[in-house]
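Student: Can you keep this structure in mind? I'll have questions shortly.
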Amino acid sequence: MIQAALLTVLSLGLRQAHGHASHHVTSHGHDHVHQNSFQQLNNGAVIQYLQLLFPFSAKYNAMLATLYLCALPCILVAIIPGFKRGGTKMVRLMVPFALGGILGDVFLHVLPELYHEGDPVDIGYGILYGFLSFMAIDKLLRVINMGSPNSHSHSHSHTHTFDDDHLKQSTEEDKKPTGTQSSRSKTNNKSLEVSTYLNMVTEFIHKAADGIAVSSSFYTSKYVGIMSFMAVVFHEVPHELGDFAVKLSSGLTFKQAIESELFTCLGSLTGAAIGCILNEMGKGNDELNNEEWTNKIMIITCGGFIYTSTVGVVPELLNISTNSRRKEITTTVIQIGCTLLGFYMMSIIE
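Residue numbering for the sequence shown is -19 to -1, 1 to 331, as defined by mature numbering (1 follows the signal peptide of the UniProt record, and there is no 0).
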């Protein structure tokens, strides 16, 4: 019931954001806003309350917005039941939910926007470059870790298959309940741990791009900045909760997951600072160059998101976690449903 209530609240929140901001701000804060629409929203209670959160000049409002974006996910995971107990159903359901959210973000928002604004061939090569870059980082981490006790698991963790021998083992679990399952659990967790570190890198870059976009929007006007802030909040909250669940599933403690979240927040602050510096310089073409540079960053991070979601998260979902075929099929159906729900929630925001 708690999980269903949470997902319902998130869905309603996204619908509200969609109604206010969907046709005014794109998924990563690139604003295409009509001033008349903002004049109409000026009388709305939500906008009036939000203005109280941004009482300063554009520079300080941009940094405030970034701090709000950094603090909100940490507050939510602290108050939502289940996250502090890493192995709960809430966390296990959020992993496929995160997968759907990431893929929805990529296929419904990032890719259409990039292909609309740039050359398809260049974008394709950029995405491949991002994918290969994160694959190289992944491989490098595995090579560095070759001397560890779990180094053998790295060579198979992302190409894990389930053959007849694996299925036959379900009849022998009573004889060997600890050794084999424990080894397999460590293998999958180690695989997910590597992908978690990679995801931290992509999140750092992704949040830097968001920070640049949000800070630049406040230099356009306070209304544009507030709408950008709202769009990013409702767009990123499910994504952040899912990422937090993935971190807990990889074996990180709640404290370590919070620390990793704070690390990626440095990307937001860095991006916001860069955006403020560029806009404070006052050059007429800075905004255009800033947007073009942000798009290039997003092309590379798009490839990184595809890699970390498919190579990192999908193997965790493929892992057989029970000895009962019926229970495993039920679990798979639930995981697919959560993935579709995460994808759908990303589709709400146009």
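No residue lacks a Cβ here, since even glycine has one placed at the ideal position from N, Cα and C.
Bear in mind that the values here come from a model prediction, so they are computed numbers and not experimental data.
For the alpha helix (DSSP H) that residue 90 lies in, which residues bound it at each end?
Tutor: Walking along the sequence shown from the start, residue 90 turns up at place 109. Note, residue 90: premise wrong, no alpha helix (DSSP H); not H, not E.
Student: Just to confirm my understanding: we take residue 192, look at its own chain, exclude 5 residues before and 5 after, and list those with CB closer than 6 Å. What are they?
Tutor: As a working note, residue 192 is residue 211 in the sequence shown. The residues are 47, 249, 252, 253.
Student: Among 240, 293, 294, 315, which residue has its Cα nearest to the Cα of residue 52?
Tutor: Taking the sequence shown and counting its residues from 1, one reaches residue 52 at position 71. Residue 52 has its Cα closest to that of 240, out of 240, 293, 294, 315.
Student: Using three-state DSSP, classify residue 317 as helix, strand or coil.
Tutor: Residue mapping note: residue 317 aligns to position 336 of the sequence shown, counting from 1. Residue 317 falls in the helix class under three-state DSSP.
Student: Just the C-alpha distance for residue 230 and residue 94, rounded to the nearest angstrom, thanks.
Tutor: Here the question's residue 230 lines up with position 249 in the sequence shown. Here the question's residue 94 lines up with position 113 in the sequence shown. Going from the Cα of residue 230 to the Cα of residue 94 covers about 32 Å.
Student: Are the beta-carbon atoms belonging to residue 206 and residue 43 less than 8 Å from one another?
Tutor: Position 225 of the sequence shown, counting from 1, holds the residue named residue 206. Position 62 of the sequence shown, counting from 1, holds the residue named residue 43. In contact: residue 206 and residue 43 (Cβ atoms closer than 8 Å).
Student: Spatial neighbours of residue 221 within its chain, please: C-beta separation below 7 Å, excluding the five flanking residues on both sides.
Tutor: In the sequence shown, residue 221 corresponds to position 240, counting from 1. Excluding residues within five positions, the ones whose Cβ falls inside 7 Å are 54.
Student: Residue 210 to residue 29, Cα distance in whole Å?
Tutor: Along the sequence shown, one-based indexing puts residue 210 at 229. Along the sequence shown, one-based indexing puts residue 29 at 48. Computed Cα separation, rounded: 14 Å.
Student: Compare the C-alpha of residue 320 against each of 88, 76, 282 and name the closest.
Tutor: Taking the sequence shown and counting its residues from 1, the one referred to as residue 320 is at position 339. Of 88, 76, 282, the residue nearest in Cα terms is 76.
Student: Here's the rule I'm using: 16 or more other beta-carbon atoms within 10 Å means buried, otherwise exposed. How should residue 224 be labelled?
Tutor: Within the sequence shown, the letter at position 243 stands for residue 224. Buried, since its Cβ has 16 or more Cβ neighbours within 10 Å.
Student: To which residues of the same chain is residue 181 closer than 7 Å at the C-beta, ignoring the five residues directly before and after it?
Tutor: Here residue 181 refers to the residue found at position 200 when the sequence shown is read from its first residue. Counting only Cβ-Cβ distances below 7 Å, and skipping sequence neighbours, we find 241, 244, 245.
Student: Suppose the cutoff is 7 Å on Cβ atoms and the five residues either side in sequence are ignored; what does the same chain contact list for residue 279 look like?
Tutor: For the purposes of this step, residue 279 is taken as residue 298 along the sequence shown, with counting starting at 1. Closer than 7 Å at the Cβ level, and outside the excluded window around residue 279, lie 9, 91, 95, 190.
Student: Quick one: using the 10 Å Cβ neighbour count with 16 as the cut-off for buried, is residue 289 buried or exposed?
Tutor: For the purposes of this step, residue 289 is taken as the residue at position 308 of the sequence shown. Result: buried.
Student: Since residue 261 and residue 40 are thought to touch, with beta carbons under 8 Å apart, how far apart are those beta carbons, to the nearest angstrom?
Tutor: Residue numbering aside, residue 261 sits at position 280 when the sequence shown is read from its first letter. Residue numbering aside, residue 40 sits at position 59 when the sequence shown is read from its first letter. Indeed they touch by this definition, with Cβ atoms about 7 Å apart.
Student: Among 304, 197, 31, which one has its Cα closest to the Cα of residue 256?
Tutor: Position 275 of the sequence shown, counted from the first residue, corresponds to residue 256. The candidate whose alpha carbon is nearest that of residue 256 is 197.
Student: Leaving out five residues on either side along the sequence, give the residues of the same chain with a beta carbon under 8 Å from the beta carbon of residue 203.
Tutor: As a working mapping, residue 203 is identified with position 222 in the sequence shown. Within the same chain, residue 203 has close Cβ partners 32, 35, 39, 42.
Student: Please state if the CB of residue 99 and the CB of residue 281 are separated by a distance shorter than 8 Å.
Tutor: Position 300 of the sequence shown, counting from 1, holds the residue named residue 281. Position 118 of the sequence shown, counting from 1, holds the residue named residue 99. No.
Student: DSSP three-state label for residue 206, please.
Tutor: Here residue 206 corresponds to residue number 225 of the sequence shown, with the count starting at 1. If DSSP states are grouped into helix, strand and coil, residue 206 belongs with the helices.
Student: If you reduce the DSSP assignment to three classes, tell me which class residue 119 lands in.
Tutor: In the sequence shown, the residue the question calls residue 119 occupies position 138. Residue state, collapsed to three classes: helix.
Student: Based on Cα-Cα distance, which residue from 302, 316, 294, 235 lies nearest to residue 83?
Tutor: Taking the first residue of the sequence shown as position 1, residue 83 is located at position 102. Checking every option, the nearest Cα to that of residue 83 belongs to 294.
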